[in-house]
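> Its first residue numbered 382, the sequence shown is counted upward by one per residue in our numbering. The C-beta atom is built at its ideal place from N, Cα and C for all residues, glycine as well.
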Amino acid sequence: MYAVIEIGSKQQIVKEGDSIEVERQELEVGAKLTVSEVLLVVAKETVSIGKPFVKGASVETEVLRHLRGQKLITFKYRRRKSSHNKKGHRQNLTVLAVKKIKAG
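Here it is as structure tokens:
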């Protein structure tokens, strides 16, 4: 059984027992988070597709830890203009453990 959820304005494919990295959630470590924005649920032979979300479906998760992502570098360069700009960015992330998927 797996599901496609929307969290942090991004879509994730999840299975029970998976751990996923999402944008920082303002929750304590060990807190439970129930995601009700489920777009698709596949259970054995049945497929439930939402319009936009599957009614009654949810995914229960637990916060494992907070971390910062890998550094991303952006570099803007204009030839012959003596102009360049280098920036770095590290995204704040939360690691969630998927405990249970409830089909609607």
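Report the rounded CA-to-CA distance for Lys432 versus Glu418, giving the unit in angstroms.
Lys432 and Glu418: Cα-Cα distance of roughly 11 Å.
> Write down the C-beta distance between Val440 and Thr475 rounded to the nearest angstrom, noting that I regard them as a contact closer than 8 Å.
The pair is not a contact, with the Cβ atoms about 15 Å apart (cut-off 8 Å).
> Over what stretch of residues does the beta strand (DSSP E) that includes Ser400 continue unbroken?
Looking at the DSSP string, the run of the beta strand (DSSP E) that includes Ser400 is Ser400 to Glu404.
> In whole angstroms, give me the CA-to-CA distance for Lys425 and Ile388.
Between Lys425 and Ile388, the C-alpha separation is close to 24 Å.
> Can you tell me whether Leu448 is buried or exposed? The criterion is at least 16 other CB atoms within 10 Å of its CB, across all chains shown.
Exposed is the call here.
> Where does the unbroken beta strand (DSSP E) through Leu420 begin, and where does it stop?
Element bounds for Leu420: Val419 to Ala424.
> How about Leu408 and Val385: are their beta carbons less than 7 Å apart?
Against a cut-off of 7 Å, the Cβ pair of Val385 and Leu408 comes out as no contact.
> Who are the Cβ neighbours of Val479 in its own chain at under 8 Å, not counting the five residues just before and after it?
Result list for Val479: Val395, Lys396, Glu397, Gly398, Asp399, Ser400, Ile401, Val440, Glu441 and Thr442, in chain order.
> DSSP on Glu441, reduced to helix/strand/coil?
Here Glu441 sits in strand by DSSP.
> Measuring alpha carbon to alpha carbon, tell me which residue in Gly485, Asn466 and Gln451 is nearest Gln472.
If we check each option's Cα against that of Gln472, Gln451 comes out closest.
> Can the beta-carbon of Gly437 be found closer than 7 Å to that of Gly485?
Result yes, Cβ atoms of Gly437 and Gly485 sit closer than 7 Å.
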